[in-house]
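Asker: Chains as they are written, first to last, in this note's numbering: chain C, 89 to 496; chain S, 386 to 972.
No residue lacks a Cβ here, since even glycine has one placed at the ideal position from N, Cα and C.
Since we're looking at a predicted model, the values are computed, not measured.
Dropping the structure in here first, questions after.
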Amino acid sequence: MRRSLATVLFVSLTGAAFAQDTQSFDRIERGRYLAVLSDCAACHTAPGGAPFAGGLALRTPFGKLVAPNITPDPDTGIGNMTNDEFLAALHEGRGHNGKRLYPAMPYPAYTRMTDDDVLAMRAYFATVAPVSNRVISNQLPFPLNIRLAMVFWNGLNFTPGRHQPNPQKSAQWNRGAYIVEGAAHCGTCHTPKTFLGGDKNNDALTGATLQGWFAPDITNDPRKGIGGWSKEDLVQYLKTGTNRWTLASGPMAEAVSHSTSRMADDDILAIATYLKDSGEGGAGVRPEPVAASNDAMRAGAAIYKDSCAACHRDSGEGEIHLFPRLAGSALVQSDDPTTLARVVLQGTRAVSTPGAPTAPAMPAFDWRLGDAQVAAVLTYVRNSWGNAAMPVSAGAVASQRESLRRSP
Amino acid sequence: MARKLPAKDVVIIGLGWTGSILGYELAKAGLDVVAIERGPWRDTATDFPPAYAQDELRYAVRLDLFLRPGQETLTFRNNGSQTALPIRSFSGFLPGNGVGGAGIHWNGQTWRFLPTDFQLRSHLEQRYGKENLPADMTIQDWPVSYDELEPYYDRFEKLCGTSGKAGNLGGQRQPGGNPFEGWRSSEYPTPPLKQGLGATLFAEAARKTGHSPFPQPASNLSEAYVNPLGVKLGQCTYCGFCERFGCGNYAKSSPQTCVLPALLRFPNFSARTESEVVKINLDSTGKRATGVTYVDTSGEEWEQPADIVLMCAFSFFNVHLMLLSGIGKPYDAQSGQGVVGRNYAYQTTSGVSLILKDKILNPFIATGAHGMIIDDYNGDNFDHTGLGFFGGGYMGAGQTGARPIQTRPVPKGTPKWGAEWKQATAETFQRAFSLATHGSSYSYKDCYLDLDPTYKDRLGRPLLRMTFDFHDNELKMSAFLTDRLAEIAKAMDPAEMTASPRKGPYDSTIYQTTHNTGGTVMGADPATSVVNRYCQSWDVHNVFVPGGASVFPQNHGYNPTDTVGALAYWTADAIRDRYLRNPGPLV
């Protein structure tokens, strides 16, 4: 009792530095919106579960982590957390009682957010319905389950610090940078990782593989990234989950559904402005397309005609907002064919949003096409209609098939 | 003892076209809606993806998407002197099953009835004299007019993105369209499909013989389309696997491709599949429904209370459930009294098959609603004086595909198997195609549905009994239509031609069509109808049958779906704009 009284006092004193009224509608509403920008629900709300009550298991390359309960429940949630502890968690990766967080919690990105924004989120989370749900977060194997190891990890991989505006750039660009690098933590998926799981900051947003998906290059690189997309294409994609090139599915479908489709138009435009102004220097050498006379290409052409052309068409143009365009698609030509192999083997469903409710699906072909056939048809789509990319090996498809079998 | 669930505003029985349309309209109006569907959830990518959607053995022969008689069937007899026997293998007609219902396996033929069809009895009596109508013919006027329904036809066609060419825009004749159709407030949402050689040759012959051919209106889309619900459909690939199949390409309009993506976004809508409604429950007065009782797959009974009950099952099963629930007076064929089960009707189809000389028709390039059609002999588009029958139908080259198992045309006299048969198949396949008539089926005193006195379903309920046969009027009509069609066919100079007018008695083992209509017909008089002009039960005001073909007072010379969809929208408007404000009889 004494302790909770002390906590209450501490909260109100700390809060006073930022806002007098902890029940301010504007502040709570801003916190709610920041929680959308930060996509907190993606991990902290389990499918079908109570909002923010935790329980979604994240499969990391190192083992399983379960997102904790962040409702105000004092025993199993964060009801007893002070504002300073909340700030330390988001900015420095230090949880309740100084316990080290694992960077599955994207504090390396949230550290860019202002104190005021973080505490606005804190104010919002204090208003959601408390749910008693005890979550054992750390399900990593020894020795990774030793949280203190994160001290060393942080030393190597983590640079704390708030976003520093670039005075050379517009306010819109800077807002975009703040969201992309901070709240929306795009790099958590889209930036390649070191063997320790840290961001390769020199390759920021150039694409990475996680959870059996390739999160594509979202720099403005004309061949590998979104250089071919107009700013409007990007805005439409984030707002509705689809544009003239593609449809969001897999983990990005969730990001669109929970976060980007609910962002303010100004913020989406800011993200597009920032992303369209990044990473153009990295355009690699365009590979020579695999010759049409190649055996895999010939087999792939026949498989494509038989199994793919009805929707994606002979021309590879697909149908806007229904069947993704393959001709000229950066994702189709990306160096890492993980996503391509995955969607052919397992199928996938596009996101449904108010602006694009259709949610068409790609059927699974794993029962029908062998590894060499999948490899051939992927090699074909990556090297037809002006596309050019490395051929896909049957071995790569086989390992994707195996990993889908182990964790679908 | 059924376990009672929390009450809903609306319970929908069956999640096909009418269920999904009503679900969308009423969920959008803010009501808490639950749909209870007897069959499974069905979705494009999992149930009929392009990787195997064209599996003729699975879908067309083994009838994968259809109701299994073990779950529910009906008994059949031709007339009251016979003992009806259960249909143990659906073949004459094929009721759908599961989410999407018949809207999944239909061909996509999207026809409006003629304006005079809606005033059938008064129109025929006025033009030909009451005494000239057969005494036992129980046709009646619809309680709605074409003019009233036109905006709702328009809405359903825009939902589907129907492909076609208008023949009458606001009363102005349009070249290339159907010159006989009622006025349309707008052109079809998408242009007509491309026609194959067979249909093109038929159209030439029809023109040469003084007829007015036009492309069949099709909900198999000629181009990609976004409907008013924001749902996108793809372009038809002319694969020729529509009838009995789901479309893997998002190109055939269905609840799945047109409504469900938008409907499922409503948090106030939910669906329970593999749950069969066994009864609509009434309060002690019998004038108000309290909800429904249903059984899930584990045999558990549940009571779902609701303020409004919508009967959105296939026609037979609306009639069946009404009889089992004691809503409305059952029809008695002896006395002609009572209404539930009355005026069961069907469709009178026939065909002319052709083998042409030296043509390569590629008949497999097709859709379920492909073809060039003439409407010169439909409804009362032609003078029936002295013909000895009333009614008619459209006719034309509407071959829906040439699927390899079931399409094996051979010249007359060819053996049924062996080397000679194989050779004849190979030589004939590309030159053969079929023409069809799609005739009306008027209603009669002795064609009806009631509860079977002997046979019961798996839940112990009496099966529905069908008593039906073709009448002379329909057989004469079919002979007349088939003759006209054969005359046009002859103008195509075929090497061989076989005309097959419909003959009686009705045979429930030979597939003709699944256009089973009537039994809960709509009308202006409670003595001759089950529901009023808003598809509302005369007896239990919070029960509606929103547009299923069971409300047709008789069947006309067109496919029913467009009218079913129009009536669904018509009823949805009536419930939302009138019934909710003042729950009670709307008429």
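Taking all protein chains shown into account, decide if L244/C is buried (16 or more other Cβ within 10 angstroms of its Cβ) or exposed.
Answerer: L244/C is exposed by the Cβ-count criterion.
Asker: Check the Cβ of A718/S against every Cβ in chain C and list those closer than 8 Å, keeping chain order.
Answerer: Correct list: empty, because the minimum Cβ distance to chain C is about 48 Å.
Asker: In this structure, how does DSSP classify S349/C when only helix, strand and coil are distinguished?
Answerer: Reduced to three states, the DSSP call for S349/C is helix.
Asker: Does chain C have any CB closer than 8 Å to the CB of R650/S?
Answerer: Yes - at least one Cβ of chain C is within 8 Å of the one on R650/S.
Asker: At a CB-CB cut-off below 7 Å, which residues of chain S make contact with L410/C?
Answerer: Simply A609, K617, G619 and Y635.
Asker: Identify the continuous alpha helix (DSSP H) that holds F865/S and give its terminal residues.
Answerer: Its alpha helix (DSSP H) spans residues D857 to K875.
Asker: Does the Cβ of N967/S have 16 or more other Cβ atoms within 10 Å, making it buried, or fewer, making it exposed?
Answerer: Result: exposed.
Asker: By Cβ distance below 6 Å, which residues in the same chain neighbour V480/C in space, the five residues on each side in sequence not counted?
Answerer: Here the set comprises P425, A463, L466 and T467.
Asker: With S487/C as the anchor, note down where its alpha helix (DSSP H) starts and where it stops.
Answerer: Counting along the chain, the alpha helix (DSSP H) containing S487/C begins and ends at A482 to R494.
Asker: Taking a cut of 8 Å between CB atoms, which residues from the stretch 419–437 of chain C lie near chain S?
Answerer: Cβ contacts with chain S come from G435 and R437.
Asker: What do you reckon, are the CB atoms on Q227/C and V154/C nearer than 8 Å?
Answerer: Yes. Within cutoff.
Asker: Please report the straight-line C-alpha distance between K327/C and S639/S, rounded to a whole angstrom.
Answerer: About 27 Å.
Asker: Spell out whether any CB of chain S is found under 8 Å from the CB atom of A341/C.
Answerer: No, its Cβ sits nowhere closer than 8 Å to a Cβ of chain S.
Asker: Does any C-beta atom of chain S lie closer than 8 Å to the C-beta of T446/C?
Answerer: Chain S contact via Cβ: present.
Asker: Three-state secondary structure (DSSP) at M757/S?
Answerer: Strand at M757/S.
Asker: Taking buried to mean at least 16 other C-beta atoms within 10 Å of its own C-beta, is A477/C buried or exposed?
Answerer: A477/C comes out buried.
Asker: Would G786/S and A754/S qualify as a contact pair, given that the criterion is a beta-carbon distance under 8 Å?
Answerer: It is not a contact, given that the beta carbons lie outside the stated cut-off.
Asker: Cα separation between P435/S and D394/C?
Answerer: Their Cα atoms are separated by approximately 10 Å.
Asker: Have a look at D114/C and P135/C and give me their C-alpha separation to the nearest angstrom.
Answerer: Near 29 Å, if we compare the C-alpha coordinates of P135/C and D114/C.
Asker: Which ranges does the alpha helix (DSSP H) cover as unbroken runs of at least 4 residues, wholly within the stretch 440–492 of chain S, from first to last along the chain?
Answerer: For the stretch 440–492 of chain S, whole alpha helix (DSSP H) runs of length 4 or above, ordered along the chain, are 487–490.
Asker: For a contact meaning CB atoms closer than 9 Å, what does R456/C contact in chain S?
Answerer: Ordered by position in chain S, the residues that pass the 9 Å Cβ test against R456/C are A436 and Y437.
Asker: For S345/C, return the contacting residues in chain S, with the cut-off set at a CB-CB distance below 9 Å.
Answerer: Per Cβ cutoff of 9 Å: no residues; S345/C is ~11 Å from chain S at best.
Asker: If we count the other Cβ atoms within 10 Å of its Cβ and call it buried at 16 or more, is W455/C buried or exposed?
Answerer: Exposed, since its Cβ has fewer than 16 Cβ neighbours within 10 Å.
Asker: Would you give the residue range spanned by the beta strand (DSSP E) that Q689/S belongs to?
Answerer: Per DSSP, Q689/S belongs to the beta strand (DSSP E) from E686 to M696.
Asker: Please list the partners that P646/S has in chain C, where partner means a Cβ-to-Cβ separation under 8 Å.
Answerer: Under the 8 Å cutoff, chain C gives S440, P445, T446 and A447.
Asker: In this structure, how does DSSP classify E881/S when only helix, strand and coil are distinguished?
Answerer: Here E881/S sits in strand by DSSP.
Asker: With a CB to CB cut of under 6 Å and the five nearest residues on each side skipped, what residues in its chain are close to R427/S?
Answerer: Once the five neighbours on either side are set aside, the close Cβ partners of R427/S are G483, V484 and G485.
Asker: From L97/C to N171/C, what does the alpha carbon distance come to, in whole angstroms?
Answerer: With a pLDDT of only 41 at L97/C, under the threshold of 50, the placement of this residue in the model should not be trusted; the figure read from the coordinates follows. Cα to Cα, L97/C sits roughly 11 Å from N171/C.
Asker: Quick one: Cα of G904/S to Cα of R506/S, how far?
Answerer: Taking the straight line from one Cα to the other gives about 18 Å.
Asker: Shorter than 8 Å from the beta carbon of P451/C to some beta carbon of chain S?
Answerer: Chain S, which has a Cβ nearer than 8 Å to the Cβ of P451/C, makes this yes.
Asker: Just by C-beta distance, which residues in the stretch 766–800 of chain S are closer than 8 Å to chain C?
Answerer: Per Cβ criterion, the list is empty.
Asker: Does any residue of chain S bring its CB to less than 8 Å from the CB of S395/C?
Answerer: So, interface residue.
Asker: So for P339/C, helix, strand or coil by DSSP?
Answerer: Of the three classes helix, strand and coil, the one that applies to P339/C here is helix, per DSSP.
Asker: Give the secondary structure of K888/S by DSSP, where H, G and I count as helix, E and B as strand, and everything else as coil.
Answerer: Correct three-state label for K888/S: coil.
Asker: To the nearest angstrom, report how far apart D502/S and H941/S are at their CA atoms.
Answerer: When rounded, the distance between both Cα atoms is 7 Å.
Asker: By Cβ distance below 6 Å, which residues in the same chain neighbour R332/C in space, the five residues on each side in sequence not counted?
Answerer: The residues are I408.
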